[in-house]
Each structure stands twice: as structure tokens, then as C-alpha cells.
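Student: So that we are looking at the same thing, I have put the structure below in C-alpha cells.
Number of protein chains: 6
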Amino acid sequence: MKILVVNGNTTDAITQRIGAEARAAASPGTEIVAVSAPFGARVVGTRAENAIAAHAVLDAAARHHAGCDAVVVAISSDAGTAATRELLPIPVLGITEAALLTACTVGGAFGVLTFGARVAAWSHELVASYGLTDRLAAVEALDAPAATFTDPDSFAGPLLAGIERLVAQGADSVAIAGAAFAGCCRLLQARAPVPLLDGVACAVGLAEMRVRLGLTKPRAGSYAEVPARELSGVDAAICTLFGAKPTS
Amino acid sequence: MKILVVNGNTTDAITQRIGAEARAAASPGTEIVAVSAPFGARVVGTRAENAIAAHAVLDAAARHHAGCDAVVVAISSDAGTAATRELLPIPVLGITEAALLTACTVGGAFGVLTFGARVAAWSHELVASYGLTDRLAAVEALDAPAATFTDPDSFAGPLLAGIERLVAQGADSVAIAGAAFAGCCRLLQARAPVPLLDGVACAVGLAEMRVRLGLTKPRAGSYAEVPARELSGVDAAICTLFGAKPTS
Amino acid sequence: MKILVVNGNTTDAITQRIGAEARAAASPGTEIVAVSAPFGARVVGTRAENAIAAHAVLDAAARHHAGCDAVVVAISSDAGTAATRELLPIPVLGITEAALLTACTVGGAFGVLTFGARVAAWSHELVASYGLTDRLAAVEALDAPAATFTDPDSFAGPLLAGIERLVAQGADSVAIAGAAFAGCCRLLQARAPVPLLDGVACAVGLAEMRVRLGLTKPRAGSYAEVPARELSGVDAAICTLFGAKPTS
Amino acid sequence: MKILVVNGNTTDAITQRIGAEARAAASPGTEIVAVSAPFGARVVGTRAENAIAAHAVLDAAARHHAGCDAVVVAISSDAGTAATRELLPIPVLGITEAALLTACTVGGAFGVLTFGARVAAWSHELVASYGLTDRLAAVEALDAPAATFTDPDSFAGPLLAGIERLVAQGADSVAIAGAAFAGCCRLLQARAPVPLLDGVACAVGLAEMRVRLGLTKPRAGSYAEVPARELSGVDAAICTLFGAKPTS
Amino acid sequence: MKILVVNGNTTDAITQRIGAEARAAASPGTEIVAVSAPFGARVVGTRAENAIAAHAVLDAAARHHAGCDAVVVAISSDAGTAATRELLPIPVLGITEAALLTACTVGGAFGVLTFGARVAAWSHELVASYGLTDRLAAVEALDAPAATFTDPDSFAGPLLAGIERLVAQGADSVAIAGAAFAGCCRLLQARAPVPLLDGVACAVGLAEMRVRLGLTKPRAGSYAEVPARELSGVDAAICTLFGAKPTS
Amino acid sequence: MKILVVNGNTTDAITQRIGAEARAAASPGTEIVAVSAPFGARVVGTRAENAIAAHAVLDAAARHHAGCDAVVVAISSDAGTAATRELLPIPVLGITEAALLTACTVGGAFGVLTFGARVAAWSHELVASYGLTDRLAAVEALDAPAATFTDPDSFAGPLLAGIERLVAQGADSVAIAGAAFAGCCRLLQARAPVPLLDGVACAVGLAEMRVRLGLTKPRAGSYAEVPARELSGVDAAICTLFGAKPTS
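Residue numbers (our numbering), protein chains in the order written: chain A, 1030 to 1277; chain B, 1030 to 1277; chain C, 1030 to 1277; chain D, 1030 to 1277; chain E, 1030 to 1277; chain F, 1030 to 1277.
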């Protein structure tokens, strides 16, 4: 099995970290291909950058999905996940979505640990967009922006403190949201009182599970195969999926 | 006062219709500048096209907002509205958001009339994203895609029937969602039992109201001025707003 | 354009403050007529007083709306707004409703600053009655009752502290609820990190917008023109609107 | 024990029917005193009439509650119930509230049978105001207004058909909402597949239960004893409860 | 009237305390029969013990309900209440359900005081299962497990402090959840600012009220009389109610 | 990897069907052990039977989980899933829960196809208990009880018609709920327009994914390892997990 992992940020160092966690989580025999967003922000931290990232994720997935069995969208906002899911014939999973659904299998309520007050607002909105607000214990936002966490290990103290605050607010598990934090849960789990959910690991696991399950692409509903459409000024790979000739 | 109206679709004929309705709704002395999306779908009808449209709306707003007092985003999904609102220092209104908030001032529950089963699903998601599901009586989706409604007048029959079905389900007002239907409410109002809400007219009205109110740009929260960021592969106008030099 | 502003309290000093803010917010050419509740509490602060105020607002609106284009109901509970909206053929806006809907156009979540623990409970109920609970970040209730705030300027310290607490809880904007606080936002905005929403100003703005939009009175639904009814013991102006002869 | 039943309508014939059902439902030894609203609509059927009825109920309860152990507010909208509950030191129950809470003890979801499309909208709002929307299977509104049901027995056919439609939509019990329908459930129960809830009977039962339970009047919260207040133009009995001298 | 009270725990000392409170709350002429769970945990404090308790409650109710007019299920989780309600032809009330519905008649929001963080999670889930989350101000969990409260009187301090925290969070009344705390409210009410709700007392009150009301057993819906079924390995009394011969 | 599948019904023929579907869905190398409920109903179809089944599932899982890596609870109500999850140190998945979470990865809204009006009510309650109501398009209940579907293939017509009705109501995928229907989706998928979700297959897939992910057992929260407890009259295997000696 081959899974394409698309980093919604343009920073290759984050792509490498995501790729490493994806490989660590994958079953034997699963190949991981990790690519960076072709345009947009180095590290997405605003709504405007997310809007660009959604397009960039779609673009990268359209270009690189051939030969892959599933796509993982690696950005804490899951930007572009729904669009890519609709456009492609294969399973597409967002990392935060995957972490939240996996948290549901742990039972009870989950907490979300995220980075920066701006991002905390999106986390609430994202959880709500998945219809999962009733399962949310709380969101805790660490002050430092994701961009500064180049060495996750050195941030164990604040992260563990945030986890404890979430547990005190009723969290039965904690999702650490953010592509830049891929792999972090492995480092911290032994010191945390509840299961920690790494979105990349969860998304790879769910992607493998979906591939094995072999569900068909919908022929009806809001994720059905896209109809033929005319587009201009977008990548040829996207146009091809819409059965359109690219035009400038 | 000058209001920039950005069509999320690339079809200039729709841009002209939107511009005409915006001018018809505007106060004396308000100037309307209407532009088409610089790239993307001729008429957006899928999630994938919406993801592209959000970027295109942001791009167009970044390029054309100078000298304007407010922006109206004209696409039924309100694609790019939140991102543009965060990025710019002036009020930004989406047409469906504006229609729904105006419907709230009528009292009771609103209905939404939209086009195609795919789009009906987004309408529910969009209303939910605004936290307005409790005010929603029902969504009715006409079978024909928006693209075919080049002559709204000839579709009065199905539209009025849809409105009646919404009223029977408890709608105290009806929003006709879709940039391609700008102006339609004027043609049908006399034959409809409840107020009809044209998103373009409502958005222009709310934009004028917001400009007169003179609210400040937030300095905190999730819509605060964006911090300096590094982006690549995006339009120079967006980069400038992030205080970044454009890089390829 | 002429807008009737009905104070739900009987205190004329508050009516004057409301009228002044309404005039400050109105477009050039808009005339404001401000009247006090004809009976009830000097300053409404309980559920029982609100029930009386709803009747008093309806009574005042019925008597004074002739020649007006819209009505603004100025009392933090919006008492009587729905009833007056149904009874009259012109737009009717409540000040808290108007502040909350305007807050929605700012994006994200709003906070509500109010006065006294009793009133905090109503604020939650009122937000819920508008279906806007998902947009509510938090309610902060200042200890002092509204009646004591005869000099809003001297209360800047506690008000700004309350605003900061709301922002810390995720508010992207703050509505200051209470007719007695009309005009307060103008005094405090420069020192607040998010937009402050004055209900009177927002209601005047939305009323003007609604008048320009020219929506029709519903002929169906729960806000349709009232049928002919028999009433006794109520003001002749109300009876007239129901097409009834007043009886004692 | 003595229970005051306040009809929110001014029609004495309805008051008599309510009183008869209250007596039929009461325990031996419970005395029922039924009074009509002192002013307002003969039969309330609009929001505007409800606003007046809330005041009238409060007025009647203030005047007549002396010597009573509890108050039942008999009007389908429960107009004035919350206000009266706050103002008086004794338990106050609304008939629709009582029917819905009793329905909860039956388990599962309840249906609401009501009269006229206008009233159906309030029913949804009322259920929501009690936080009970998740328990609501559906609302069915019979076409005829309550005012025409002077002989409930002759309406058995449409009522039973409405009940069956509610059961088909998942109702495990059905509340027949409307003071004018007091006693109706007794006539129809044998022919209905689920328990029928008469608001007057349920409210008398809950009032008796509350009296026996002997809960104290809150000293804190939003239903605490009202503070001393100044009112004008309202009934002396209300003023007295606020510790105020009546002023014109 | 005769009411069967089933303790979901197997500890007879708790059964006696529950029985005493039930008798104190009952009307003159109501007989109380209190029985312990026939198997399961001495004091239920986990989800697993609750699953066993639900079966034990059903078993006890099947065996002992003959000659009774109603059943009260006395365990804070209301384990087995829905199942017993469906199986028996008489009213069945859970103690937490009864406390919450009675709290609704007080108006506004209720708080829940419970014991141990584990149980706090269930309390939220239980309130949600009744569709009453919108009425919930907060849950406060005292640290000590219910099992240690053999002398409720000595715990007045922490209990009253918990009540005050709930009032500060908006509770207009407080339910003290837990069969082991039956009778506690009587001891503490005089020192509490809001009404305290004892589940056993409320359930006895509602059971009496339901018996007087004489609602019929549903013949349709999800609580209708159970169909004939084949069961094995369960108590003969349960089998009899399903019209089945017991088999090993 | 070894997965224990516990049928919540006592019918061995259903256990065999479940086991076959579990094996068909499992990865190579995964061993499936399927056992029937040790006591309870042949085919669970009422709330009372579900209460018994929850205990029976717990009992079976306690007895048979040794040497297993995960447990799947196979009964449409997921009876006993939360209790078993809390009690055991390994992942536990319910089949309906698994189907719904997998449906979430398809995107949009899911429909639930179930059997009998009684069961339809539980389906709504179960979806709500998972906090997933916002993702639910509709529930369709086929008239025949699950017990009669001994030959699923012959029921293709009604099942496909039910699926089409769900799609028409907005379902992007459909879960066929009911242990007795294990394997049904494989037979029908080719003729259905949206992905069909077999709970057994989804639960096996999620169980495998959870085992590979290696999340730790919570040490805090409402699913933490159970404390030592005293129980009586229950199976020795349950007692052992509570660190208790079994007593009669």
C-alpha cells in the first residue's frame, strides 16, 4: 500500500518530520510519500494562509496521487481535506479529523492541545465542523506559535502541563494538533495520564483501515465524483480530474 | 463610500449581474466595483472548486481593495470570506452570511433555496458554520444546477414552488442562495408570501451599515491583524498584506 | 427616514441617553424619535419587570409608530421586540439582537458584558432564543446593577477589565448590553482590543439597512400580519392594529 | 392545599373548562381557584397577544395568590410563567412546561399537537426555551384556530389523526397544547396509542408535588426574591410585591 | 399507593437510608418498599458496575413490582431505569432524572453535585441522555467517593462549598446526585442559597403524581409493552414479563 | 493479532455470521474468536433485553479476553461497549460506533438503516450518545424485525429502497445497523450509490488500527483502570478484573 502525505505548509523540514512519523506509524509494507505544499505559508498560522493552503493541498494531491491508495492531509486545520476527498477516487484523511475520530474510540471526551490563541479559535470551529463538539472537553492553547517548536523534546514541560489541564477539565484523551508536532506524542506518552493522539499516526492508521475496507467512491451525495467542469488558471492536474482542458 | 464586490466564479456575465444588483441595493453615493475571480471555476459547484475559489477571492480582494471601504464576497458558499475578513482592515461580508443575518431581523426561522443536491449539503454546513442551524427551517434544492439559470425570470415557477415548500416547513423568510441568482428576489417578491433575501443586496446593506458604524479592526482574537509571515508562490498583493516579500 | 426608539424603562434620563446615541449613529437625514415606556419599572432588572416592559413597549410602539419607518426597542432583554415586530408593518429591531447580529459580521465569537448576576442568566437565555449560543464566547456580569451607572465614564476601569476577560475567553468582539449604557462604546473603544458593539447604534444601523432593503411584511408564517382579534383592557392603539374596538 | 389557576385568555368559558380539568386532576383536599386574565385577548393567538397576556397573568397572580400554595398558568405559550415564578414565593407551573416535563417521565420523545401554523412556530420556540428540543419528536399543527374548538369532542377525528402522525414521527407521548383543550385528553386517551398529556392536569399534579416537596424560594440566582424596585402605572398588587408604592 | 424503591447498589445500609428518605417524602397513605440490588457492586462507582446494576435493577423490579403502583430506581446513574420503564406496566422513575426534571420546575439552570471525577463524566453524559444539557449550569465533583460518606452530616462543609461554586456558575437549584446521599438535602437546605433536590424525594413525588395522573402504558413507540421474546439464563420474573419460559 | 468478537445476542447462528464477516474484513494474520452472549435474549429487540445484554457482553469479554489484543462488541445497540472498554486493558469497539466513525471518514452526513420502529428510537439515542447527531442525515427503519432476516440476500429489495431514501435525505454513506446483518453490505454495495458500512467490518478494521497504534490504557479520566471493588453474585472473571474475590 502507498500513502501520499501532503504537508499543508511549505517547510520541507516539517514535511520530513511528518514523513518520519507516518513511516513509524504505518504497517509493514505501507510506503509513505511525503510532499510539501507547492505554495503558501512556510508555517500556516492564520485563516488567510489556511485558505491558500487548502488550494495548495488540492493541487499537490492532484499532482501526486497517481499510484497511491490514500492521501493524508497534514496540517492542523485539515485545510483542503474535504475538497481533496471529493475530487479524488481514493480515501483522504485530515490529521486532526483522524486524531479526533480515534479519540472517540478511546471513549468519553477528548482535549485538544494547540498553539497560539488564534489557532485555538480554529480548533473549536474545526471540531464543530466535524459535529464533534459534544465530545470536546476543552482546548488548551500554548502561547508559543507552532513555528518556534523546532525541537519538540525541549517543550515537554509546557506540553505536559497543558495535557494535565485538559485532563482536569475532563479529557479522557488528548490530541496534539499541529503538523509541526508530528512525533511528539511518542516522546511524551509515558509521562501523560491519558492516551495522546498524533494526527499523522492516526491518519495513516485510518487510511490503511479505509484502504483494507475497500469502500466505493460515492456516486451520489456531496462527495460524489465531480462532474465535468471548466476551470482556468489552475494546475493541469486539477483540470484533468474535472475532465477539463487547462486554460490560463 | 466604495464597495468592492468579488465574484467567486470566473464568469464575467455573473459578475455583471452581481454588480447590477449591488448597485440597485446600494445607497445613493455608494460606488460598486465588481470583479471576477482571477482563477478557478466558471461556475463553482463542487467542494474542490470552492477551495480554489477561496484562494481566488482572497487574491482578488488583496489586489483590488485599495481605496475601498468594504468588500462583498459573492459566491453562495461564502468561500474565502473568513480569510479575507482576517487579512483586510475593512469590513468583509459574504452574501449568504448577509442573507441569513438579515433573515434573523425578520424574526423566526429562515429557509434557504439553493441549486443541486450537492450544494444543499454545503448549505447545511454553511448555516452550521455560522452557528445558525437553530434558525433554519429547511433547505430546498432545485434540481437544475446554477449554471443553467441564465434567465432567472423563466425559472419563476420552480423558484416560487420551492419558496412555498419552505414556507410550509416553517420559513418566515427565504434566502435565495447563489451569486448567479443576484436580482432574482426583486422579480419574485410580489408573488411570494414571505420576504425574499438576496445575498448581494443584503451584503451591500450590511457593508454600508458596518462602514457607517466605524468598528475598529480587532487587535486580538482570531480575526486580529495578521502577523508578519513568509509566503511563496502567491500573489504579491497577498504577500504585501503579510508584510512579506513575494518569493516564487 | 424616521426611526422610533422605545426605551423599555420608564426613566426619561435613560431615554435621552439612548436618543443621543441613536442620533450619533444615524445616517444624515435620519430622524430619531425617542420615547420612554408608558408604564413599568424605572430601570428593568427582573424577569417580572421585563414581562411588564414587553407590554409597555408594544403599547408605546402602537401609539407612536405612525409616520415612522422602523422601530428600535431599547432594553437589554429586547422585551417586546418579537411582539412588536409581528404587530407592526415596519421593521422592528431589539438592541441586543442588533448587537449580536452585528457581532456576527465581525467574525468568530462574541462576548456579552452585562450588569448583575440576575441579568447574566437572561443574557444566556436571550442569546439562546436567537439561536446564537454557538457564537457566544462568554457572558461577564459586572456586579453593580445598571441603575447605578449614571456616569458611564467613571466605570471605564471595571468595564475594560470585563472586556479583557471576555477576550481571554475567546471573544472576537464584545456587546455591551443595556440601554443605560448607550454611548459607552464610543468612550471605551480606543482602549479595547476588539470591536465594541453598542446595541442602540447597531439597531439604528440595521433599521436603516432594513428600510433601504424594502422587504415586505410577511403574509405567512409566525410574523405575518395579525388577524382581526378581540381584546379588552388594553390601549386603543393596540386594538386598532388588531382591527378591534377597544373595550374596557 | 389551594392552587390558583390563571387563564391567560380573558374568556370565562375557557376558564371554566380549565377549572373543571384542574379539579378533576387534583388530589382530594386540593382546592382550585380559577381566574381569567384581567385584560388582553379573548383567545390568544399571536405573539403580540402573548406579550399582553404575560403581563395580565402576572397581574392576576399578584392579586389572587394570597392564601394559595401554588399557581398554574393556563395558556399554551406559558406566557408570564417565568415572571410570575420569580415574583411569587410559591411554586408556579406553566401548562405546556408541565406537560413536557411529565412527557419526559414517560421516556423517549414527545410530540406536540397544537392549533394553527402561527402557534406551531411558538411551540418550537417554547420547547427550545425549556432546553427540551432534543426530546421533541415533532409538532403537528391542526388547521383550525383554538378559538373554534368550542366542542372538543366533535374534533376527535382530526385530533386523533394528528396524534397518529406524531407517533409515526417517533413520539412516545403527545402533549395537547392549548388552554382551550383542557380536558380533551380524557376524551381521547382510550383511542390513542400513546399517553396523552393535558397541560392543566400535569401542572396541577406537579404543583401538588412541588408543594409537598417544600422547596425553599431561592435567595440567589435568576429566580431569587425580587429586590425593592420602583414601578409606575401597574397594579398595586405587583407594586406591593416589589415593596414599592404604586404610582400612576 | 405502594411504591417499590430499588437500590442499584447491594449495600443494605444505603437501602435503609433511601427507604427512610422515601418515606419522609411520601404522601400520607403511600407505602414504600425498599430492596437492594440482588447482585453487583456494594457501591457502584464505575461504568462496568453500572452495566451490572442495570441488569440487577431490572431483575429486582421484575421480582418485586407485583402489587406496586410505581417503581423508583435509586442509583445516581439511573442504571436500568429505561429498561425497567419499558418492561413494566407501571411508572418508573430514576432518582437523578427526577431531580433534574424537578429542578426544571424551579426555573433557570441547575447544578449537579456529585462524587469523584469518574462520576462527574457520567453526570454530564446522563444529563445529555435526558436532553437537558441546555439546562445544566455545571457539575461539581467532590473528591471523596460516595462510599466514604457514611455520615453525610459530617460532610456539610465540602457539600455547601460545592453548592456555592455551582451557584456562582449560574445554578438556580442544585441536585445532589447519589443514592448514598439520600436525605442529605434536608440537613443542608437551611444553609444553602438555592433549592436542593434530593433524587429520592423527587422521584417519590413524581411517582405519586404519575400514579394520580393515570397515564396509560404506551401501545406504540419505543416504550410500548414488550413483545413475546425468548431469553435464557435470566431470572424467571423477567422471562415471565416477556411471556417466555425461563431456560437455563 | 487476535480479536475477540462478542455477539450480544445468544443465537449461535448470528455469532457464526458475525465471525465470518469479521474474518473476511480482517488483515492477514489476524485471528478472530467469536462467542455468543452467555445469557439474555436470542435476538435483542427491546431496551430491557439490551440492559441484560450489556451485562452479558461484559461477562463474556471478562471471561474470554485473555490472550486477545482487542474486543469487538457485536450488537446494534453497542450494549456493554463502554463498560467493557473501561474494565479491560485492551481496545474495545462497538459495531455501530465503528460504522459511524468510519462513515465520518467518508465525509458529510451518514444515514442509518435499522429494523423496527422501536430500534429506530434507540438508533437516534445511540448516535446522540456518541455526540454524532450533527452528522446524521436520517434513520430509516425497515418494518420487519431483525429476527426474521435469516436470509439477508432475499431482503435486498427493501434494503436498497431504504438506502435510496436515506440518500434522498442527504446521506453520503449508510450504516446498516444490526449484528444479524453482518455481511449484508458486501452483497448490496454494487447496487448502492453510496458506501455501505458494515459495523463488524468497521469494528475489526478500527480494532486492528488501534492495536497497531499502541495507545496506553488511561490512568485518569472516566475510562481509567478500575479501582478495587467488592461485588457479589457476578461472574468470577469480572470480580478478578476488579481485584475482588467473587462472593455469592
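Glycine is no exception: its CB is placed at the ideal position from the N, C-alpha and C atoms.
These numbers were taken from a predicted model, which means no experiment stands behind them.
For valine 1035 of chain B versus alanine 1066 of chain B, is the C-beta distance shorter than 9 Å?
Tutor: Position 6 of the second sequence holds residue 1035 of chain B. Position 37 of the second sequence holds residue 1066 of chain B. The answer is yes: Cβ separation under 9 Å.
Student: Please tell me whether cysteine 1204 of chain E and threonine 1125 of chain E are closer than 9 Å, where the distance is taken between their beta carbons.
Tutor: Counting from one through the fifth sequence, the residue named residue 1204 of chain E turns up at place 175. Counting from one through the fifth sequence, the residue named residue 1125 of chain E turns up at place 96. Position check: residue 1204 of chain E holds alanine in this sequence, whereas cysteine was assumed. Yes. Within cutoff.
Student: Using a Cβ-Cβ cutoff of less than 7 Å, which residues in the same chain neighbour phenylalanine 1271 of chain A once the five nearest sequence positions on both sides are dropped?
Tutor: The residue you call residue 1271 of chain A lines up with position 242 of the first sequence. So the list reads Val1255, Ala1257, Arg1258, Leu1260, once near-sequence residues are dropped.
Student: What residue range is occupied by the uninterrupted alpha helix (DSSP H) comprising serine 1251 of chain A?
Tutor: Sequence index remark: in the first sequence, residue 1251 of chain A carries index 222 (1-based). First-last for serine 1251 of chain A: undefined, no H or E at that position.
Student: Could you give the distance in angstroms between the alpha-carbon of valine 1072 of chain C and the alpha-carbon of asparagine 1038 of chain C?
Tutor: Reading the third sequence from its first residue, position 43 is the one you call residue 1072 of chain C. Reading the third sequence from its first residue, position 9 is the one you call residue 1038 of chain C. Taking the straight line joining both Cα atoms gives about 5 Å.
Student: Does the region 1140–1155 of chain F touch the region 1154–1161 of chain D, meaning 3 or more C-beta pairs lie closer than 8 Å?
Tutor: No contact exists between the region 1154–1161 of chain D and the region 1140–1155 of chain F.
Student: Which same chain residues, not among the five before or five after arginine 1092 of chain A, have their C-beta less than 6 Å away from its C-beta?
Tutor: Reading the first sequence from its first residue, position 63 is the one you call residue 1092 of chain A. For arginine 1092 of chain A, where only same-chain residues beyond five positions count, the Cβ hits under 6 Å are Ala1266.
Student: Quick one: which chain D residues come within Cβ less than 7 Å of alanine 1206 of chain F?
Tutor: Within the sixth sequence, the letter at position 177 stands for residue 1206 of chain F. Here the premise fails: no neighbours, minimum Cβ distance about 16 Å.
Student: Determine, using beta carbons only, whether alanine 1127 of chain F and alanine 1051 of chain F come nearer to each other than 9 Å.
Tutor: Sequence index remark: in the sixth sequence, residue 1127 of chain F carries index 98 (1-based). Sequence index remark: in the sixth sequence, residue 1051 of chain F carries index 22 (1-based). For alanine 1127 of chain F and alanine 1051 of chain F, no; Cβs fall outside 9 Å.
Student: Rounded C-beta distance between glutamate 1169 of chain A and glycine 1140 of chain A? I'm assuming under 8 Å.
Tutor: One-based indexing of the first sequence puts residue 1169 of chain A at position 140. One-based indexing of the first sequence puts residue 1140 of chain A at position 111. Right, the Cβ-Cβ distance comes to about 7 Å (below 8 Å), so this counts as a contact.
Student: Using a Cβ-Cβ cut-off of 9 Å, state whether alanine 1085 of chain E counts as contacting chain F.
Tutor: Taking the fifth sequence and counting its residues from 1, the one referred to as residue 1085 of chain E is at position 56. Yes, contact with chain F.
Student: By the criterion of Cβ-Cβ separation under 7 Å, what are the contact partners of alanine 1166 of chain B in chain F?
Tutor: To locate residue 1166 of chain B, count along the second sequence from 1; it is residue 137. None at all; the shortest Cβ gap to chain F is about 16 Å.
Student: Pull out every residue of the region 1140–1172 of chain F whose Cβ sits closer than 8 Å to any Cβ of chain B, in chain order.
Tutor: Per Cβ criterion, the list reads Asp1163.
Student: Is it right to say alanine 1099 of chain A is buried, meaning 16 or more other beta carbons lie within 10 angstroms of its own, or is it exposed?
Tutor: Position 70 of the first sequence holds residue 1099 of chain A. With 16 or more Cβ atoms within 10 Å of its Cβ, alanine 1099 of chain A is classed as buried.
Student: Taking DSSP's pairing of strands, which residues face glycine 1140 of chain F in a bridge?
Tutor: On the sixth sequence, position 111 is the one that residue 1140 of chain F refers to. DSSP output for glycine 1140 of chain F lists F:Ala1167, F:Val1203 as bridge partner(s).
Student: Is it buried or exposed for alanine 1200 of chain B, if we count other Cβ within 10 angstroms and need 16 for buried?
Tutor: Locating residue 1200 of chain B in the second sequence gives position 171, where the first residue counts as 1. It is buried - the Cβ of alanine 1200 of chain B has at least 16 other Cβ atoms within 10 Å.
Student: Helix, strand or coil for aspartate 1227 of chain C, going by three-state DSSP, please let me know.
Tutor: The residue given as residue 1227 of chain C occupies position 198 in the third sequence. Of the three classes helix, strand and coil, the one that applies to aspartate 1227 of chain C here is strand, per DSSP.
Student: Closest to leucine 1130 of chain C by CA distance: which of B:Gln1045, B:Leu1033, B:Arg1164, B:Ser1105 is it?
Tutor: Working through the third sequence from its first residue, we reach residue 1130 of chain C at position 101. Checking every option, the nearest Cα to that of leucine 1130 of chain C belongs to B:Arg1164.
Student: With DSSP run on the structure shown, which of helix, strand or coil describes valine 1263 of chain B?
Tutor: Looking up residue 1263 of chain B in the second sequence gives position 234. Valine 1263 of chain B falls in the coil class under three-state DSSP.
Student: With leucine 1122 of chain C as the anchor, note down where its beta strand (DSSP E) starts and where it stops.
Tutor: By one-based count along the third sequence, residue 1122 of chain C stands at place 93. Here the beta strand (DSSP E) through leucine 1122 of chain C covers 1121–1123.
Student: Buried or exposed: arginine 1076 of chain C, going by 16 or more other Cβ atoms within 10 Å of its Cβ?
Tutor: Start at 1 with the first residue of the third sequence, and residue 1076 of chain C comes out as number 47. Buried, by the Cβ-count rule.
Student: From the beta carbon of threonine 1138 of chain D, is the nearest beta carbon of chain F less than 9 Å away?
Tutor: Numbered from 1 along the fourth sequence, position 109 holds the residue referred to as residue 1138 of chain D. The residue you asked about is not threonine; residue 1138 of chain D is alanine in the sequence shown. Chain F contact via Cβ: present.
Student: Among all the DSSP beta bridges, which residues are the ones paired with leucine 1033 of chain A?
Tutor: Stepping through the first sequence from its first residue, residue 1033 of chain A is reached at position 4. Note: leucine 1033 of chain A sits in a beta bridge opposite A:Val1062, A:Val1100.
Student: Bridge partners of glycine 1069 of chain D, per DSSP?
Tutor: For this step, residue 1069 of chain D is matched to residue 40 along the fourth sequence. In the DSSP output, where bridge partners are listed per residue, glycine 1069 of chain D has C:Ser1261.
Student: With 16 other CB atoms within 10 Å as the buried threshold, where does glutamate 1060 of chain C fall?
Tutor: On the third sequence, position 31 is the one that residue 1060 of chain C refers to. Its Cβ having fewer than 16 others within 10 Å, glutamate 1060 of chain C is exposed.
Student: For serine 1251 of chain D, would you say it is in contact with chain C, using Cβ-to-Cβ distances shorter than 9 Å as the test?
Tutor: In the fourth sequence, the residue the question calls residue 1251 of chain D occupies position 222. Yes, because at least one Cβ of chain C sits closer than 9 Å to the Cβ of serine 1251 of chain D.
Student: Counting only Cβ-Cβ distances shorter than 9 Å, please list the residues of the region 1228–1259 of chain F near chain B, keeping chain order.
Tutor: Hits within the stretch: zero.
Student: Using a 10 Å radius around the Cβ and a threshold of 16 neighbouring Cβ atoms, would you call glycine 1109 of chain C buried or exposed?
Tutor: Reading the third sequence from its first residue, position 80 is the one you call residue 1109 of chain C. Answer is buried; the Cβ neighbour count reaches 16.
Student: Can you name the residues that DSSP bridges to threonine 1276 of chain A?
Tutor: Position 247 of the first sequence, counted from the first residue, corresponds to residue 1276 of chain A. Answer is A:Ser1261, bridged to threonine 1276 of chain A.
Student: Just mark arginine 1046 of chain F as buried or exposed, buried being the case when its beta carbon has 16 or more other beta carbons within 10 Å.
Tutor: For this step, residue 1046 of chain F is matched to residue 17 along the sixth sequence. Classification for arginine 1046 of chain F: buried.
Student: Counting along the chain, where does the alpha helix (DSSP H) carrying aspartate 1088 of chain D start and finish?
Tutor: As a working mapping, residue 1088 of chain D is identified with position 59 in the fourth sequence. That run of the alpha helix (DSSP H) goes 1076–1093.
Student: From arginine 1220 of chain D to glycine 1228 of chain B, what distance separates their C-alpha atoms?
Tutor: On the fourth sequence, position 191 is the one that residue 1220 of chain D refers to. On the second sequence, position 199 is the one that residue 1228 of chain B refers to. Straight-line Cα distance between these residues: approximately 50 Å.
Student: Determine the burial state of glycine 1048 of chain E: buried for a count of at least 16 other Cβ atoms within 10 Å of its Cβ, exposed for fewer.
Tutor: Counting from one through the fifth sequence, the residue named residue 1048 of chain E turns up at place 19. Buried, because 16 or more other Cβ atoms sit within 10 Å of the Cβ of glycine 1048 of chain E.
Student: Judging by CA-CA distance, which residue of D:Ala1249, D:Gly1160, D:Leu1161 is the nearest neighbour of isoleucine 1192 of chain E?
Tutor: For the purposes of this step, residue 1192 of chain E is taken as residue 163 along the fifth sequence, with counting starting at 1. Nearest option by C-alpha distance: D:Ala1249.
Student: Kindly indicate the opening and closing residues of the alpha helix (DSSP H) around alanine 1219 of chain C.
Tutor: By 1-based counting over the third sequence, the position of residue 1219 of chain C is 190. Careful: alanine 1219 of chain C lies outside any alpha helix (DSSP H) and carries neither H nor E.
Student: Which residues in chain B have a C-beta closer than 7 Å to the C-beta of glutamine 1218 of chain C? List them in chain order.
Tutor: Working through the third sequence from its first residue, we reach residue 1218 of chain C at position 189. Here the neighbours are Thr1245.
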